[in-house]
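See below for the structure under consideration.
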Amino acid sequence: MTRIITIISGKGGVGKTTTVTNVGVALTELGKDVLILDANVTTPNLSMHLGIPFYPVTLHDVLTRNVHVNDAIYVHSSGLKIIPASLSVDRLKDLSMEKLQSTLLNLLGRAEIIILDAAAGLGREAQAAIEVADEIIVVTNPELPAVADALKTIKVAEENGTKILGVVVNRHSGKRHMMRLEEINQILQVPILAVIPEDVKVQESIANKMPVVKYSPRSKSAREFKRLAAYIAGAGFEPLKERGFVERLFAWLS
Ligand code: ADP
Ligand code: MG
Numbered sequence: 000m001t002r003i004i005t006i007i008s009g010k011g012g013v014g015k016t017t018t019v020t021n022v023g024v025a026l027t028e029l030g031k032d033v034l035i036l037d038a039n040v041t042t043p044n045l046s047m048h049l050g051i052p053f054y055p056v057t058l059h060d061v062l063t064r065n066v067h068v069n070d071a072i073y074v075h076s077s078g079l080k081i082i083p084a085s086l087s088v089d090r091l092k093d094l095s096m097e098k099l100q101s102t103l104l105n106l107l108g109r110a111e112i113i114i115l116d117a118a119a120g121l122g123r124e125a126q127a128a129i130e131v132a133d134e135i136i137v138v139t140n141p142e143l144p145a146v147a148d149a150l151k152t153i154k155v156a157e158e159n160g161t162k163i164l165g166v167v168v169n170r171h172s173g174k175r176h177m178m179r180l181e182e183i184n185q186i187l188q189v190p191i192l193a194v195i196p197e198d199v200k201v202q203e204s205i206a207n208k209m210p211v212v213k214y215s216p217r218s219k220s221a222r223e224f225k226r227l228a229a230y231i232a233g234a235g236f237e238p239l240k241e242r243g244f245v246e247r248l249f250a251w252l253s
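Take the sequence shown: its position 148, counting from 1, is numbered 147 in numbering that gives the first Met the number 0, and each next residue is one higher.
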């Protein structure tokens, strides 16, 4: 059976694509057959994070022409499969998300886990990515505007009947002006699955077009992404004999 998981956010720029590439590669390293798909078709950048921005056939061809989705699947050096979106502005004309559902139906069985990199907000692109998902994970930063927008995304997913796995709090620094995890939890009322620290290694890894789990596997952010992947896989993984940040925090709180 294929699981379709959408990674989404209310506010843009909070770390969706970073989460998709890192969780995708980490799940592949755990032996899972994973495919990631760029469902952020108007401003795609999934392939840029992986250093392969130009593809002959993309999701746009599948959504707008008579091209089979199998022809838009590429394999990254990590073994992760990817369906990119076109970076060309010209290709945005006539683009409709109507075929996303049938495209995903055609993909069932092509991977164990399909992860969608959704558009931010609640426009057609984001809605379509929620509608086709079995489960969603909402990414936020520990700041009120991002958390307030995450709440809207959660409400829309709830109305749609989509299972919400939980929230990833990305760029956590623990600085006093940032929101505390308990506050975020109180507002969103869904589990916090992972707390990814603010980490310059993430920025370096993007500049080097490589997920941080590959670029700097022992960094704090990489370890937390791996822990999140293990949670998703249900593998019960504790990286490098260290407990993850969230577990340590909850242990400390209790
Ligand atoms: P989105 O897909 O939600 O728009 P991205 O994953 O592209 O967001 O991340 C936006 C930018 O935020 C990245 O280019 C990077 O500079 C920065 N970033 C993301 N996560 C972290 C992190 N944990 N630590 C430091 N910077 C980060
Ligand atoms: Mg993105």
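The beta carbon of each residue, even a glycine, is placed where N, CA and C say it ideally should be.
Predicted, not measured: the structure shown is a model, and the values here were computed from it.
Query, Result
"Residues around the ligand NAP, please: the ones whose beta-carbon is closer than 5 Å to some heavy atom of it, in chain order.", "Absent from the structure shown: the ligand NAP. Ligands present: the ligand ADP and the ligand MG."
"Enumerate, from N- to C-terminal direction, the unbroken beta strand (DSSP E) stretches of 3 or more residues contained entirely within the stretch 149-190.", "162-171"
"Name the residue from Leu143, Glu223, Lys219 whose alpha carbon lies nearest to the alpha carbon of Ile186.", "Leu143"
"Between the stretch 16-30 and the stretch 150-157, do three or more beta carbon pairs fall short of 8 Å?", "no"
"Determine the direct distance from the alpha carbon of Asn105 to that of Val13, and round the result to whole angstroms.", "30 Å"
"So Lys219 and Asp198 are in contact, right, with Cβ under 8 Å, and what is the actual spacing, rounded?", "6 Å"
"Out of Leu107, Glu203, Val166, Arg123, which one is the CA nearest neighbour of Thr41?", "Arg123"
"Check Ala119 in the structure and name its three-state DSSP category.", "coil"
"Just to confirm my understanding: we take Gly9, look at its own chain, exclude 5 residues before and 5 after, and list those with CB closer than 8 Å. What are they?", "Ala119, Gly120, Leu121, Val137, Thr139, Ala145, Ala147, Asp148, Ala149, Leu150, Lys151, Thr152"
"Can you give me the C-alpha to C-alpha distance between Pro43 and Pro83, rounded to a whole angstrom?", "8 Å"
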